[in-house]
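Trainee: Once you've had a glance at the structure underneath, I'll fire off some questions.
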Amino acid sequence: MNSNLFIVIAASAIYYGTPLLFSALGGVLTERSGVLNLGVEGMMLLGAVCASWTASRVDGPGWLVLSLALLAGIAAGSAAALLHAFAVITLRVNQTVSGLAITILAGSAGLSSYLASVWDLKNPVKHQFGKLDVFGLGDMPILGPILFHHTLLTYLSWALVVLISWYLFRTRAGLQLRAVGESPQTADAVGINVVRTRYVHTILGGALAGVGGVCFSLSIVPTWQDGMTAGRGWIAIALVIFGFWRPDLAMVGAYVFGAFSSLSLTLQARGVKITPQLLDSLPYVMTIAVLVVVSGGWAKRRLGAPAALGIPYEREER
Amino acid sequence: MKRKLLVTLLVGSMLTAAACSDSKKDSGSSGSPVKAAWIYVGPTNDGGWTTAHDNGRKAVEAALGSKVLTTFKENVPEGPEVAQVIDDLVKDGNKIIFATSFGFGDAMLAAAKKYPDVKFEHATGIPNDAPNWSTFYGAGEQSTYLAGMAAGKATKSNTIGFVAPFPIPEVVRHINAYTLGARSVNPKATVKVVWINSWFDPAKERQAAESLVSGGADIIASGGDSPAPGDAAKAAGVGWTGYDSDQGANYPDVWLTAAIYDWGTYYTKEVQAVIDGTWTKGDYYGNIADGFTTIAPYGKRVDDATRALIDAKKADIIAGKFDIFAGPINDQSGAEKVAAGKSIDFGEQMSIQWFVEGVDGEIPA
Chain A
1 MNSNLFIVIA ASAIYYGTPL LFSALGGVLT ERSGVLNLGV EGMMLLGAVC
51 ASWTASRVDG PGWLVLSLAL LAGIAAGSAA ALLHAFAVIT LRVNQTVSGL
101 AITILAGSAG LSSYLASVWD LKNPVKHQFG KLDVFGLGDM PILGPILFHH
151 TLLTYLSWAL VVLISWYLFR TRAGLQLRAV GESPQTADAV GINVVRTRYV
201 HTILGGALAG VGGVCFSLSI VPTWQDGMTA GRGWIAIALV IFGFWRPDLA
251 MVGAYVFGAF SSLSLTLQAR GVKITPQLLD SLPYVMTIAV LVVVSGGWAK
301 RRLGAPAALG IPYEREER
Chain B
1001 MKRKLLVTLL VGSMLTAAAC SDSKKDSGSS GSPVKAAWIY VGPTNDGGWT
1051 TAHDNGRKAV EAALGSKVLT TFKENVPEGP EVAQVIDDLV KDGNKIIFAT
1101 SFGFGDAMLA AAKKYPDVKF EHATGIPNDA PNWSTFYGAG EQSTYLAGMA
1151 AGKATKSNTI GFVAPFPIPE VVRHINAYTL GARSVNPKAT VKVVWINSWF
1201 DPAKERQAAE SLVSGGADII ASGGDSPAPG DAAKAAGVGW TGYDSDQGAN
1251 YPDVWLTAAI YDWGTYYTKE VQAVIDGTWT KGDYYGNIAD GFTTIAPYGK
1301 RVDDATRALI DAKKADIIAG KFDIFAGPIN DQSGAEKVAA GKSIDFGEQM
1351 SIQWFVEGVD GEIPA
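As given, the protein sequences belong to chains A and B, one line each in that order.
So in the numbering used here, the last spot in the first sequence is 318, and the numbers never skip.
So in the numbering used here, the last spot in the second sequence is 1365, and the numbers never skip.
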């Protein structure tokens, strides 16, 4: 047991930051297209419950069941996101209301709990994502326990950060996505399909929120618990803002949040006298500080939210 | 645009209404059954506190059959929403309402004064003069003391980690009882406390348990609802005492035991009294002797000698020969707080805000 304080907190930050990272990456993609998704919490829970069912009830070798469970989580999150996309893109209803409705519908007193009760999920899942020792590097001093002793999901999230950053800022499709989020009228004028772009990225966002839920039900809390995400979906939404709508900064935010949560607990366990409530509130204080910063003039142009975020696009209203 | 907004709001409110969890079970049709309602802070399948209460509700249905119609509201937040939930339950004709979390107290008491014809019962609650108000709870600490004995015998590092929900008297009392139990069999044992400031946050409970293991604990104690600390214990290969539910079958390698409750007997008695018109106000405090609390079956980490020791202690408590809070008891500084021959009286137990010697941690202001 490596009990160096820094190592413990860093490793814990990454482990508990991983579901936040997936959901925040999904949020970055969705919001970059100009769609606000407040349904993340519900999508995470749906992903979690479907993955939990798959990992409890499907027979087969571990790797196959886990792959299917991951796909089930992705499918569940995507399905809920498709509903959101249909409501806000096709029907052009208020994005806030639709997102909230999805979280309430799917959330801890809704569909996810109903499914868990119908499926009778009360025992630990049969297969879960265990911690891997990558290339035998897990025994390396310091870096081993911090970086090379995580579940497959964490490594997948790192790959996604690179992939999504490249996609957003280095590809034509990424440029088109950002154009749709900044000014759908202009994007439409140059021949970009606004509706399709928004649909695709809203659904991708839901898929990633579903994976965030899978991190809970198949790794952190391998026995189903109603509402097991306990509000992490909302934190993921805050992290999108905290990370200036950038995947790399969202990753920093997710791990900062994980670190603060671990710091408050670990310091208590070491007998350091602190007020846990103060440390627990720091990530939110930081989010508000970031909001203040990005609402300023220069920062708003350079770092701020996509200009068309939350605004339905109607061709007639050009 | 206006029409769309209206549609949105309509759909939104319909979804909201559909999502609000509500369950009614019609158990028969002879005469008009008495309606009884339960308000839960968590989901009925949390595998802990709320599951235990809901099992109690089911026991009422099983025992009273068509004479009762039960309803429950789960996942009710401890905020102003409770008042609305209670109003709805009263409008639905419920004659007795049980609320199962401390934080529902203010709203329940206000409702008791507003609706004198309805009986209000508050678990872990604070006594009040209102004629239709009762509180009920039980000596979880007696069972917790016994679970602490199992932990005290099982620890090799003499460090036990306690994942604690909120710094309220109930939790402080349990930590004290657990520590007294552990030190009764192992005077070198200390109990490290980490507060998570939540009744239900499985990820945080697991994270707290991991931080305790990294701080040297080789036994983890749950003070909250979920089995998540058990997952941390399983991953680290350390022992675990749960709370409120028997998880021995799910966590066989790490399981020691847990303090568990039987609410059904009390609920059945109270609902029967409403049916008979003999209900009286009271502040019920059940104990091991009543069968209201007990400990879950032992796991394989508890050896035979320890089992015999705990069983003997349990028999002594039931026979009234042993008081877990009997002095001498020292506080954290080592100063004598309760003299030999004295005990922590009931009033102080209910409001206790100090830790006994052997607890490593502090009660946040």
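For every residue, glycine included, the Cβ atom is placed at its ideal position computed from N, Cα and C.
1. Does the Cβ-Cβ distance between Ile-1310(B) and Met-1108(B) come in under 7 Å?
2. Enumerated in chain order, which unbroken segments of the alpha helix (DSSP H) with a length of 4 residues or greater are wholly contained in the stretch 1138-1170 of chain B?
3. Compare the beta carbon distance of Ser-33(A) and Arg-198(A) with 7 Å and say whether it is the shorter of the two.
4. Within the continuous beta strand (DSSP E) that includes Tyr-1370(B), where are the two ends?
5. Is Asp-1316(B) near Phe-1325(B), with beta carbons less than 7 Å apart?
6. Leu-46(A) and Ser-112(A): beta carbons closer than 7 Å?
7. Any beta-carbon of chain A closer than 7 Å to the one on Trp-1038(B)?
8. Determine, using beta carbons only, whether Asn-37(A) and Gly-77(A) come nearer to each other than 7 Å.
9. Determine the chain B residues that contact Val-8(A) at a beta-carbon separation under 9 Å, and present them in chain order.
10. Closest to Pro-124(A) by CA distance: which of Thr-202(A), Thr-223(A), Ile-142(A), Pro-247(A) is it?
11. In the stretch 1180-1196 of chain B, which residues sit with their C-beta less than 8 Å from some C-beta in chain A, listed in chain order?
12. Would you decide whether Glu-1336(B) is buried or exposed? Buried here means 16 or more other CB atoms lie within 10 Å of its CB.
13. Excluding five sequence neighbours on each side, which residues of the same chain lie with their C-beta closer than 8 Å to the C-beta of Ser-1029(B)?
14. Indicate whether Val-272(A) and Ala-51(A) have their beta-carbon atoms separated by less than 7 Å.
15. Going by alpha carbons, who is nearest to Val-1302(B) out of Asp-1253(B), Gly-1282(B), Thr-1293(B), Tyr-1267(B)?
16. Please confirm if Ser-1226(B) has its CB atom under 7 Å from at least one CB of chain A.
17. Rounded to the nearest angstrom, how far is the Cβ of Gly-1079(B) from that of Thr-1159(B), given a contact under 8 Å?
18. Ends of the alpha helix (DSSP H) at Ser-56(A)?
19. Where does the unbroken beta strand (DSSP E) through Val-1338(B) begin, and where does it stop?
20. Please confirm whether Ala-1203(B) has its beta-carbon closer than 7 Å to some beta-carbon of chain A.
21. Return the chain-ordered list of same chain residues with a C-beta closer than 7 Å to the C-beta of Ile-235(A), the five sequence neighbours on each side being excluded.
22. Just to check my reading of the structure: Trp-1199(B) and His-1053(B) have Cβ atoms closer than 8 Å, yes? What is that Cβ distance to the nearest angstrom?
23. Can you list, in chain order, the residues of its chain whose CB lies under 7 Å from that of Leu-1146(B), leaving out five sequence neighbours each side?
24. Run through the stretch 1161-1229 of chain B for me and flag every whole alpha helix (DSSP H) of 4 or more residues, listed as ranges in chain order.
25. Tell me whether Leu-120(A) sits in a helix, a strand or coil according to DSSP, three-state version.
26. So if DSSP puts Ala-1037(B) in a beta bridge, which residue, or which two residues, is it bridged to?
27. Does Asn-375(A) pass the burial test, meaning 16 or more other C-beta atoms within 10 Å, or should it be called exposed?
28. If you draw a straight line from the alpha carbon of Ala-1123(B) to that of Glu-1170(B), how long is it in whole angstroms?
29. Quick check on Met-228(A) - is its C-beta less than 7 Å from some C-beta in chain B?
30. Considering only their Cβ atoms, is the gap separating Leu-1069(B) from Pro-1033(B) smaller than 7 Å?
31. Determine, for Leu-319(A), whether the minimum Cβ-Cβ distance to residues of chain B falls below 7 Å.
32. Got a sec? Which residues, its chain only, sit under 6 Å from Gly-1286(B) by beta carbon, not counting five neighbours each side?
33. Let me confirm a value: Ile-288(A) is counted as buried when at least 16 other C-beta atoms fall within 10 Å, else exposed. Which label applies?
34. In the DSSP assignment, find the unbroken beta strand (DSSP E) run with Lys-1119(B) in it and report its ends.
35. Span of the alpha helix (DSSP H) holding Ala-1308(B)?
36. I'd like the list of long-range same chain contacts for His-127(A), defined as Cβ closer than 6 Å, with 5 residues on each side in sequence excluded.
Mentor: By the coordinates alone:
1. no
2. 1140-1154
3. yes
4. The requested residue 1370(B) is not part of the displayed model; chain B covers only 1001 to 1365.
5. no
6. yes
7. no
8. no
9. Glu-1210, Ser-1211, Ser-1214, Gly-1215
10. Thr-223(A)
11. Lys-1192, Val-1193, Val-1194, Trp-1195, Ile-1196
12. exposed
13. Confidence at Ser-1029(B) is low in this model, with a pLDDT of 41, below 50, so the placement of that residue is unreliable and no value is reported for it.
14. no
15. Asp-1253(B)
16. yes
17. Actually they do not touch by this definition, with Cβ atoms about 37 Å apart.
18. 40-57
19. 1336-1338
20. yes
21. Leu-20, Phe-257
22. About 13 Å; that fails the 8 Å criterion.
23. Gly-1181, Ile-1295, Ile-1310, Lys-1313, Lys-1314
24. 1169-1185, 1202-1214
25. Note on residue identity: the sequence assigns Asp, not Leu, to residue 120(A). If DSSP states are grouped into helix, strand and coil, Asp-120(A) belongs with coil.
26. Thr-1071(B), Ile-1097(B)
27. Outside the shown range of chain A, which is 1 to 318, sits residue 375(A), and nothing can be said about it.
28. 11 Å
29. yes
30. yes
31. Beyond the ends of chain A as shown, which are 1 and 318, falls residue 319(A); an answer cannot be given.
32. Gly-1138, Phe-1292
33. exposed
34. 1119-1123
35. 1304-1318
36. Ala-55, Gly-62, Val-65, Leu-66
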